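Chains as they are written, first to last, in full-length UniProt numbering: chain A, 1 to 418; chain B, 1 to 418. Where a beta carbon is used, it is the ideal one built from N, C-alpha and C, also for glycine. Since this is a predicted model, take the numbers as computed values, not measurements.
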């Protein structure tokens with residue numbers, strides 16, 4: 001197999017299909033989505049069988065338990081996958097939405113129309129559920145997609161792709177609107193991220209290593225998601241009760257998610273009042289505290305934090321703790337050590353809150369709320385293709401809207417420019 | 001001079017300044033802009049003297065007349081430059097704008113806040129007025145900028161930069177918020193477009209050759225502007241009077257602008273009725289017609305159009321003309337041969353108009369209006385840093401808003417995720 005030629009063909013077919021899917025009406029797209037969901041439910045047993053083959057091969061290859069876990073599809077997982085596709089069908093169609101139409105002094109009326117981006121390449125790890133999810137979001141937003149999942153999931157992904165293409169055909173839409181890359185050759189990724197002629201944007205969903213590699217090599221714009229080193233800052237005017245609850249939820253609700261807090265900052269004036277209860281809660285939940293020397297003065301059993309700890313995304317029951325002089329130092333610390341993902345302040349002070357909102361340079365900035373809310377569903381996007389830590393195009397949770405752009409429309413009545 | 005080290009320093013200083021300029025309040029930014037405008041007016045003679053040195057060197061180097069023309073500053077041009085900077089001061093500040101705040105079922109209120117992109121690199125030809133213009137737009141939108149103009153304008157640009165930095169200092173803002181690259185070495189551009197750590201976006205303003213080179217080499221996102229091959233399509237239901245006026249204005253108001261029409265498409269049913277008057281108008285204005293065989297049947301003296309003509313941005317009194325079967329062929333032709341810049345339909349038919357608006361894949365799509373309206377000022381943006389023919393981030397005329405992004409803000413009252 002000539003990988004370069006194969007990827008060129010995939011790109012060409014995607015571009016052709018993108019023209020047709022871009023102008024498909026909402027009914028056709030929703031019919032396709034419902035047909036895909038129905039086919040997934042109907043063929044649950046076949047999907048589970050394909051997945052068992054992937055799992056057997058992965059176990060034989062000695063894949064780590066965490067990765068085996070992500071690779072595994074259960075009957076419940078397949079049902080959730082179908083349900084997810086149906087949910088995308090129920091969302092409003094972003095394509096064709098017209099906004100901000102305003103008359104200008106020349107007599108023309110100028111506004112914007114939301115349109116698909118074109119062809120979207122999704123690169124992700126061996127998680128078969130992402131295949132259905134990403135296909136559904138791209139389809140609904142009028143984009144053609146090229147899906148490249150981790151090679152360990154190839155049998156599961158092929159099985160899902162067949163059902164997606166069946167659904168597209170049922171609705172009279174081009175099968176190439178969703179293509180799953182058929183080869184597990186890693187060179188395919190290298191070609192995908194340089195197919196500038198055929199691919200409009202790459203959405204990588206995966207670990208930091210994957211993203212860093214893609215960033216270095218990609219010739220196509222990316223909606224990228226690096227790490228989530230999220231902070232909770234307890235301001236001088238923090239409400240102790242809210243502080244405790246927000247730290248607990250931000251850090252301990254789930255340890256492995258990108259919107260989990262990895263660092264706690266406390267204004268010096270509140271440390272004595274709030275840290276003992278927070279430390280007791282964290283210790284009781286088995287969270288290791290790595291603190292600055294002022295933290296250690298209060299919590300002698302805690303470990304000393306290093307520079308690396310303040311920059312780390314632990315994804316584990318570990319939290320770095322630092323006492324700061326106040327808002328200025330907190331903002332500086334977050335903008336320096338953070339990953340521009342999600343950061344929260346706990347404060348009752350209007351001026352502190354407004355400054356934190358404006359000056360913290362992160363995709364999501366929160367007041368008196370858990371960092372765990374940084375999520376497309378919690379924000380009301382209805383779905384999420386990823387969380388962008390970039391500033392260009394889309395920032396933070398990316399839903400259907402982030403997979404579109406806006407063109408200008410001008411409605412005239414024979415006007416010409418003077 | 002070690003160019004790489006120099007550019008690293010420029011980038012580092014820009015990043016530092018960007019943090020301060022991002023949180024500068026509107027008054028400080030406007031004070032700086034008004035001080036810059038005043039300094040430009042005050043030092044008009046010095047600017048003209050620096051420009052005369054550039055012109056003398058350029059003439060000695062045998063620069064083409066069109067480029068000499070762009071390089072030339074007149075007293076009137078300097079006054080217009082200062083006026084432009086004052087106009088930017090008068091625009092609303094986009095930074096900090098909060099929109100779409102909505103309560104979610106969890107109790108949190110989620111919305112967006114507009115924030116600067118960070119550091120913007122502007123690469124442009126030897127046009128000194130762009131220096132003041134780009135500096136003003138980046139400053140107002142809270143971004144630090146690195147300006148690299150054509151080397152022939154280096155003396156003029158240095159003189160303008162000194163006044164810009166004086167204005168920044170007057171307002172207590174960091175001088176490094178606007179840096180003009182001091183070297184004419186072309187290697188500086190190569191470094192600028194790969195300074196991913198320090199530069200958030202590159203805005204190239206220049207010819208197709210420049211953009212193509214940057215596209216091939218850039219490691220930083222670009223707001224790019226390729227060519228403008230704009231179309232006017234006269235539909236079956238075109239009003240002949242509007243058709244004539246719109247073709248005249250779109251093609252002949254100015255020949256060298258990117259929103260000038262380069263191609264005329266006519267539905268077969270209207271050719272006999274409208275083409276003779278349009279051809280007479282074009283011929284009378286000295287516009288050369290390059291037509292399809294059906295065009296030539298009516299206009300035997302016209303030249304036959306080649307494939308290249310349909311794809312060309314003439315920037316000259318030349319127009320390609322093609323008779324099409326109707327709307328479908330027109331849309332297909334535009335999406336195939338066009339440059340996704342600006343295209344217009346002339347029609348009284350609702351369904352044709354709606355399909356044209358939806359299906360033509362261009363940054364600006366117009367109904368019964370001249371393509372010449374595709375412009376930041378005509379659209380009400382108040383200013384324009386460029387016109388993007390890309391789809392990611394910004395499309396079409398880019399004003400202050402295109403130099404910003406939106407972060408998410410969450411206002412809570414102690415909410416945690418369930």
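Terminal residues of the alpha helix (DSSP H) in which residue i lies
| i | result |
| --- | --- |
| residue 199(B) | Segment: none, residue 199(B) is in no alpha helix (DSSP H) and carries neither H nor E. |
| residue 138(A) | 128-140 |
| residue 5(B) | 3-22 |
| residue 407(A) | Unbroken run through residue 407(A) is the beta strand (DSSP E), 404-415; no alpha helix (DSSP H). |
| residue 147(A) | Careful: residue 147(A) lies outside any alpha helix (DSSP H), inside the beta strand (DSSP E) at 144-148. |
| residue 191(A) | 187-192 |
| residue 65(A) | 65-71 |
| residue 165(B) | 154-170 |
| residue 372(B) | Segment: none, residue 372(B) is in no alpha helix (DSSP H) and carries neither H nor E. |
| residue 379(B) | Here residue 379(B) belongs to no alpha helix (DSSP H), and DSSP marks it neither H nor E. |
| residue 436(B) | Any answer about residue 436(B) is impossible in this case: the structure gives chain B only from 1 up to 418. |
| residue 418(B) | Residue 418(B) -> no alpha helix (DSSP H), and no H or E assigned at all. |
Cβ separation of residue i and residue j, assumed to be a contact under 8 Å, to the nearest whole Å
| i | j | result |
| --- | --- | --- |
| residue 271(B) | residue 243(B) | Not a contact, Cβ separation roughly 11 Å. |
| residue 152(A) | residue 58(A) | 5 Å |
| residue 17(A) | residue 177(A) | 4 Å |
| residue 235(A) | residue 267(A) | 5 Å |
| residue 428(A) | residue 24(A) | Any property of residue 428(A) remains undetermined from this structure, which presents chain A solely from 1 to 418. |
| residue 223(A) | residue 398(A) | 6 Å |
| residue 225(B) | residue 388(B) | 6 Å |
| residue 55(A) | residue 68(A) | 7 Å |
| residue 263(B) | residue 345(B) | With a Cβ gap of about 13 Å, residue 263(B) and residue 345(B) do not count as contacting. |
Close beta carbons around residue i, own chain, < 6 Å, minus the five adjacent residues each side
| i | result |
| --- | --- |
| residue 374(A) | 259, 342, 364 |
| residue 200(A) | 117, 118, 119 |
| residue 37(A) | 82, 85, 86 |
| residue 294(A) | 323 |
| residue 166(A) | 39 |
| residue 91(A) | 382 |
| residue 316(A) | 255 |
| residue 237(B) | 347, 348, 349 |
| residue 441(B) | Residue 441(B) cannot be examined here, being either before or after the span of chain B that is shown, 1 to 418. |
Segment limits, beta strand (DSSP E) that includes residue i
| i | result |
| --- | --- |
| residue 102(A) | 98-103 |
| residue 400(B) | Looking at the DSSP string, residue 400(B) is not in any beta strand (DSSP E), and its letter there is neither H nor E. |
| residue 291(B) | 288-291 |
| residue 179(B) | 178-180 |
| residue 388(B) | 386-388 |
Contact with chain C by residue i, beta-carbon distance below 7 Å
| i | result |
| --- | --- |
| residue 379(A) | Among the protein chains in the structure shown, which are A and B, there is no chain C. |
Residues near residue i by beta carbon distance below 8 Å, same chain, minus five either side
| i | result |
| --- | --- |
| residue 188(B) | 3, 6, 7, 148, 181 |
| residue 108(A) | 410, 411, 412, 415 |
| residue 170(B) | 31, 32, 35 |
| residue 249(A) | 370, 372 |
| residue 70(B) | 125, 126, 127 |
| residue 20(A) | 173, 174, 177 |
| residue 355(A) | 327, 331 |
Identity of the residues DSSP links to residue i by a beta bridge
| i | result |
| --- | --- |
| residue 322(B) | 265(B) |
| residue 109(A) | 103(A), 411(A) |
| residue 365(A) | 343(A), 409(B) |
| residue 231(A) | 263(A), 343(A) |
| residue 222(A) | 202(A) |
| residue 120(B) | 145(B), 201(B) |
| residue 304(B) | 291(B) |
| residue 114(A) | 406(A) |
Cutoff 7 Å; reference residue i; Cβ partners in own chain excluding five residues on either side
| i | result |
| --- | --- |
| residue 43(A) | 163 |
| residue 325(A) | 268 |
| residue 219(B) | 193, 194, 196 |
| residue 240(B) | 273, 274 |
Can you list the alpha helix (DSSP H) stretches of 4 or more residues lying completely in the region 246-271 of chain A, in chain order? none
Let me know the beta strand (DSSP E) ranges lying completely inside the region 331-363 of chain A, each 3 residues or longer, listed in chain order. 342-346
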